[in-house]
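The numbering of the sequence shown is the UniProt record's numbering, which starts it at 1 and goes up by one.
All residues carry an ideal CB built from backbone N, CA and C; glycine is no exception.
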Amino acid sequence: MKLLNTSTLHIQEFFGSDIPPYAILSHTWGDEEISFQEMVDAARHPRAKKGFFKIIKACEIEIGKRSDWIWIDTCCIDKSSSAELVEAINSMYNWYERAQVCYVYLEDLEWDDSLDPLDESLQLWGKLSRCRWFTRGWTLQELIAPKCAHFFDRKWKCIGTKGDLAEKLSTITGISKKILLGKQRLDTVSVAQKMAWASGRTTTRIEDTAYCLLGIFGVHLSLQYGEDHRAFRRLQEAIISTIPDLSVFAWRQPAPTLEVQTDSPPPRKYSGVLATTPRDFSRSGSFIKKKPSARYELLPLNGAIMARIQLLIEMNPQSGGYRYLLPLDCFCEFRPEARLCVRLRKCGYNEFVRDDPCGIVEVTTPLLGPVLPSNRYLIPDITTQEWMHDAEVDNPTAWTAIPDPIARNRSHAIQIQLPDDMWLHMVDIWPGYRFDGEDRIFYLTGGDTEHDAAVVRLRRGAVSRFGQPIEVNFECVFCALGWSSRDEKRPPQYTLLDYSKFASVLTKFRDEVRGWDFHRSLVLKRLKFHSMPRASSTVVQSRGSLVRVSFELKRVTDNEICHDGFRRAIFSCEPFDGGYIQNCGEEWSF
Numbered sequence: 001m002k003l004l005n006t007s008t009l010h011i012q013e014f015f016g017s018d019i020p021p022y023a024i025l026s027h028t029w030g031d032e033e034i035s036f037q038e039m040v041d042a043a044r045h046p047r048a049k050k051g052f053f054k055i056i057k058a059c060e061i062e063i064g065k066r067s068d069w070i071w072i073d074t075c076c077i078d079k080s081s082s083a084e085l086v087e088a089i090n091s092m093y094n095w096y097e098r099a100q101v102c103y104v105y106l107e108d109l110e111w112d113d114s115l116d117p118l119d120e121s122l123q124l125w126g127k128l129s130r131c132r133w134f135t136r137g138w139t140l141q142e143l144i145a146p147k148c149a150h151f152f153d154r155k156w157k158c159i160g161t162k163g164d165l166a167e168k169l170s171t172i173t174g175i176s177k178k179i180l181l182g183k184q185r186l187d188t189v190s191v192a193q194k195m196a197w198a199s200g201r202t203t204t205r206i207e208d209t210a211y212c213l214l215g216i217f218g219v220h221l222s223l224q225y226g227e228d229h230r231a232f233r234r235l236q237e238a239i240i241s242t243i244p245d246l247s248v249f250a251w252r253q254p255a256p257t258l259e260v261q262t263d264s265p266p267p268r269k270y271s272g273v274l275a276t277t278p279r280d281f282s283r284s285g286s287f288i289k290k291k292p293s294a295r296y297e298l299l300p301l302n303g304a305i306m307a308r309i310q311l312l313i314e315m316n317p318q319s320g321g322y323r324y325l326l327p328l329d330c331f332c333e334f335r336p337e338a339r340l341c342v343r344l345r346k347c348g349y350n351e352f353v354r355d356d357p358c359g360i361v362e363v364t365t366p367l368l369g370p371v372l373p374s375n376r377y378l379i380p381d382i383t384t385q386e387w388m389h390d391a392e393v394d395n396p397t398a399w400t401a402i403p404d405p406i407a408r409n410r411s412h413a414i415q416i417q418l419p420d421d422m423w424l425h426m427v428d429i430w431p432g433y434r435f436d437g438e439d440r441i442f443y444l445t446g447g448d449t450e451h452d453a454a455v456v457r458l459r460r461g462a463v464s465r466f467g468q469p470i471e472v473n474f475e476c477v478f479c480a481l482g483w484s485s486r487d488e489k490r491p492p493q494y495t496l497l498d499y500s501k502f503a504s505v506l507t508k509f510r511d512e513v514r515g516w517d518f519h520r521s522l523v524l525k526r527l528k529f530h531s532m533p534r535a536s537s538t539v540v541q542s543r544g545s546l547v548r549v550s551f552e553l554k555r556v557t558d559n560e561i562c563h564d565g566f567r568r569a570i571f572s573c574e575p576f577d578g579g580y581i582q583n584c585g586e587e588w589s590f
């Protein structure tokens, strides 16, 4: 750490425990600042520069007080050394925190100190809030970190300490007095709330929007000037890797302004799960950190965030399916009873993007239930996804007509359509990573059609108005094979079975084919091996009577679901008083 001697104006470097007590200066950079090279070369001392006068005044204040040394960012960092610059930026919060005192120089604070004390105070407070110092990114940590800070106006008159001004500083910045006065640990504040503190601040260089927050979050980054907004993404990834706090996802983009009013609903909007700028957290200042609802793991990896995490689900009245919710492990201080979540949309094989990036869901009613933790992949930035770019598809003219871009990623699908009193068993959906609960479809992406096998357990009974099962009357299992085929000579094959009669066999079957990723040929072999019949309907026992469950398979087109035609299995139930149960065929073959 390089320090400036307040008497000799010589710079000396210290290491570790040899660093002496020192003061530190916080200010906003302007024209004619003094560099390290200018300061060490006595012959080049540009004493006429404004920056030199600032250095002299800070040294004069410190002389004879706490120490003989002061740190000033303009002249105590050799910016020609990239290694030293990286060290300084990653250490800056600690340097401000360890300083004996921080002198805050507000260059644009001018006021008439000859007024009546009451008028003088009102004038001072009004002008203080308009100081540029409160709008700069780097000065955020310079406000929070120091244990002792003295504020000076343009004429270097002290207007008070951080303790004296705490109430006003809290009003201006939105930071609580406990944090400002060091009475609350910074790590007890949610990531979202810290980001909100920075949301109204700016930096000269785009990358510094991220780099100036390293100390606030206690993380380290390499400096890569030229990466622009990617620096803020790397900051969020570093936070995710270090801090167990899902409020890093608690951001909102501004709602778009509709230029033309139409009767049709606006198209759905998707984004990556990471914010693009601290401004996205501008409405998150009231989000209070709470204990995580469940254990989870997050790891930025290969262009995605691998998340072993428990999602929540809610009924979607429009589709009859269910939406995925990511709990944020924070609450609004004004509505502590509401659970905060963001909506996710499944866009690929266990891949999720942010659905409705302009909103955060406040859940006050019971949800349908949790989804068991498993490895999922949260997409940080959808602009890197091929399915978002029309120019990268074989037939861009056809695909641009598809309203929902997620449908572009689905080449084949089979949809499950159920009556109101039937629902899907959340656990027994195989393979679950190729199933989307909102559209209730199994799907494939790309040209690989060898994995078009699907098994799902269906239930019938009573559900609450929130979609929660209250009573289960019966269960059956639907198995479909070859549903991607468009060859009339090789149509899909399927069966519907009473789960109570085939439960043990189905468990063995599932375990056998899971390791082969439900490859069609292996599924076919195991279906034959276990002698599972093919039938388009089955009869089950339901509350003392017999019920016939059946389905009809139709070829449909819906550009909101899949970019090409797909199959829909439409299920129905009716009382059964005896008769013939139709089989689909004698053997499984494809």
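C-alpha gap between D280 and A149, whole angstroms = By one-based count along the sequence shown, residue 280 stands at place 280. By one-based count along the sequence shown, residue 149 stands at place 149. So the alpha carbons of these two residues sit roughly 30 Å apart.
Cross-strand partners of residue 625 (DSSP beta bridge) | In the structure as shown, the chain starts at 1 and stops at 590, and residue 625 therefore has no counterpart that could be examined.
C-alpha gap between I382 and P146, whole angstroms | Numbered from 1 along the sequence shown, position 382 holds the residue referred to as residue 382. Numbered from 1 along the sequence shown, position 146 holds the residue referred to as residue 146. Cα-Cα distance, rounded: 39 Å.
Helix, strand or coil for I24, going by three-state DSSP, please let me know.
-> Here residue 24 refers to the residue found at position 24 of the sequence shown. I24: strand per DSSP, three-state reduction.
Span of the beta strand (DSSP E), counted from its first residue to its last, around F576 | Taking the first residue of the sequence shown as position 1, residue 576 is located at position 576. Note, F576: premise wrong, no beta strand (DSSP E); not H, not E.
Between the beta-carbon of A48 and the beta-carbon of A99, is there less than 8 Å?
-> Stepping through the sequence shown from its first residue, residue 48 is reached at position 48. Stepping through the sequence shown from its first residue, residue 99 is reached at position 99. In this structure, A99 does not lie closer than 8 Å to A48 by Cβ.
Measure how close the beta-carbons of H425 and T449 come, nearest whole angstrom, since I'm counting them as under 8 Å.
-> Stepping through the sequence shown from its first residue, residue 425 is reached at position 425. Stepping through the sequence shown from its first residue, residue 449 is reached at position 449. For H425 against T449, the beta-carbon gap comes to about 26 Å, at or over 8 Å, which does not count as contact.
DSSP on I79, reduced to helix/strand/coil?
-> Translated into positions along the sequence shown, residue 79 becomes position 79. It is worth fixing the name first, because residue 79 is Lys in this sequence and not Ile. In this structure, K79 counts as coil in the three-state DSSP scheme.
Leaving out five residues on either side along the sequence, give the residues of the same chain with a beta carbon under 6 Å from the beta carbon of M1.
-> Here the question's residue 1 lines up with position 1 in the sequence shown. F14, I19.
Looking at C-alpha atoms only, which residue of D428, S286, F442 is the closest neighbour of A569?
-> Translated into the one-based positions of the sequence shown, residue 569 becomes position 569. Looking at the Cα atoms, F442 is the closest of the given residues.
Run through DSSP, which three-state label would W95 get?
-> By 1-based counting over the sequence shown, the position of residue 95 is 95. For W95, the secondary structure class from DSSP, reduced to helix, strand or coil, is helix.
Do the CB positions of T28 and T139 come within less than 8 Å of each other?
-> The sequence position of residue 28 within the sequence shown is 28, counting from 1. The sequence position of residue 139 within the sequence shown is 139, counting from 1. Their beta carbons are under 8 Å apart, which means T28 touches T139 by this criterion.
Only counting runs of 3 or more residues, tell me where the beta strand (DSSP E) segments fall wholly within the stretch 446-479, in order along the chain.
-> 453-463
Limits of the unbroken beta strand (DSSP E) element including C59 | For the purposes of this step, residue 59 is identified with residue 59 of the sequence shown, where counting begins at 1. Here C59 belongs to no beta strand (DSSP E); instead the alpha helix (DSSP H) covers 50-62.
In terms of residue numbering, what span does the alpha helix (DSSP H) encompassing K269 cover?
-> Locating residue 269 in the sequence shown gives position 269, counting from the first residue. Element bounds for K269: n/a, residue is neither H nor E.
So, do the stretch 470-477 and the stretch 496-508 have three or more beta carbon pairs nearer to each other than 8 Å?
-> yes
Run the CB neighbour count on Y225, radius 10 Å, all protein chains shown included, and call it buried at 16 or more, exposed below.
-> Within the sequence shown, residue 225 is the residue found at index 225, counting from 1. Exposed, because fewer than 16 other Cβ atoms sit within 10 Å of the Cβ of Y225.
Is the CB-CB distance between Q493 and R534 below 8 Å?
-> In the sequence shown, residue 493 corresponds to position 493, counting from 1. In the sequence shown, residue 534 corresponds to position 534, counting from 1. Yes, the pair counts as a contact, with Cβ atoms nearer than the cut-off.
Nearest-angstrom Cα distance between W156 and K54?
-> Walking along the sequence shown from the start, residue 156 turns up at place 156. Walking along the sequence shown from the start, residue 54 turns up at place 54. One C-alpha to the other measures close to 9 Å.
Report the option in L246, Q417, Q12, R308 whose CA atom is closest to the CA atom of G321.
-> Here residue 321 refers to the residue found at position 321 when the sequence shown is read from its first residue. The option with the nearest alpha carbon to G321 is Q417.
How many Å lie between S537 and F571 at the Cα?
-> Translated into the one-based positions of the sequence shown, residue 537 becomes position 537. Translated into the one-based positions of the sequence shown, residue 571 becomes position 571. Near 9 Å, if we compare the C-alpha coordinates of F571 and S537.
Same chain only: Cβ atoms within 7 Å of D439, ignoring 5 sequence neighbours per side = As a first step, residue 439 is located in the sequence shown; it is residue number 439 there, counting from the start. So the list reads S319, G321, Q415, I561, once near-sequence residues are dropped.
Would you please state the rounded distance, in angstroms, between the beta carbons of P373 and Y296? I believe it to be under 8 Å.
-> Locating residue 373 in the sequence shown gives position 373, counting from the first residue. Locating residue 296 in the sequence shown gives position 296, counting from the first residue. Their Cβ separation, rounded to whole angstroms, is 7 Å, which keeps P373 and Y296 in contact under 8 Å.
Segment limits, beta strand (DSSP E) that includes G160 | Residue mapping note: residue 160 aligns to position 160 of the sequence shown, counting from 1. That run of the beta strand (DSSP E) goes 158-161.
Nearest-angstrom beta carbon gap, V342 and residue 605 [assumed within contact, 8 Å] = Only positions 1 to 590 of the chain appear in this structure, which leaves residue 605 out of reach.
Using 10 angstroms around the beta-carbon of S215, count the other beta-carbons present and answer buried if the total reaches 16, otherwise exposed.
-> Residue mapping note: residue 215 aligns to position 215 of the sequence shown, counting from 1. First, the amino acid is wrong: residue 215 is Gly here, not Ser. Classification for G215: buried.
Between D164 and V40, what straight-line distance do the alpha-carbon atoms span, to the nearest angstrom?
-> Mapped onto the sequence shown, residue 164 falls at position 164. Mapped onto the sequence shown, residue 40 falls at position 40. Straight-line Cα distance between these residues: approximately 37 Å.
Spatial distance of I408 from V547 (CA atoms) | Here residue 408 is taken as the residue at index 408 of the sequence shown, counted from 1. Here residue 547 is taken as the residue at index 547 of the sequence shown, counted from 1. One point to set straight first is that residue 408 is Arg, not Ile, in the sequence displayed. Those two C-alpha atoms are separated by around 39 Å.
Using a Cβ-Cβ cut-off of 8 Å (strictly less than) and excluding sequence neighbours within five positions of L181, which residues of its own chain qualify?
-> Here the question's residue 181 lines up with position 181 in the sequence shown. Taking L181 as the centre and dropping the five residues before and after it, the same chain places the C-beta of K162, G163, A166 closer than 8 Å to its C-beta, in chain order.
If we ignore side chains and look at the alpha-carbon of each, how far apart do A453 and K269 end up?
-> The count along the sequence shown starts at 1 and reaches residue 453 at position 453. The count along the sequence shown starts at 1 and reaches residue 269 at position 269. Each residue's alpha carbon lies about 31 Å from the other.
Go ahead and label N395 buried or exposed: buried means 16 or more other beta carbons lie within 10 angstroms of its beta carbon, across all protein chains shown.
-> Looking up residue 395 in the sequence shown gives position 395. A caution first: N395 carries a pLDDT of 44, below 50, which makes its placement in the model unreliable, though a value can still be read off. By the neighbour-count rule (16 or more Cβ atoms within 10 Å), N395 is not buried but exposed.
C-alpha gap between S67 and C102, whole angstroms | On the sequence shown, position 67 is the one that residue 67 refers to. On the sequence shown, position 102 is the one that residue 102 refers to. About 12 Å.
Contacts around I402, its chain only, beta-carbon distance under 7 Å, and the 5 residues preceding and following it disregarded = Start at 1 with the first residue of the sequence shown, and residue 402 comes out as number 402. Reliability fails at I402, whose pLDDT of 48 lies under 50, so the model's placement of it is uncertain and the value that follows must be treated cautiously. Excluding residues within five positions, the ones whose Cβ falls inside 7 Å are R408, N559, H563.
With respect to 7 Å, is the separation between the Cβ of S199 and the closest non-hydrogen atom of the ligand MN below this value?
-> This structure does not include the ligand MN; it has no bound ligands of any sort.
Return the residue from the list I175, A250, D228 that minimises the CA-CA distance to residue 592.
-> Absent from the structure is residue 592, since the part of the chain shown begins at 1 and ends at 590.
Beta-bridge partners of V86, as assigned by DSSP | Along the sequence shown, one-based indexing puts residue 86 at 86. In the DSSP output, where bridge partners are listed per residue, V86 has none listed.
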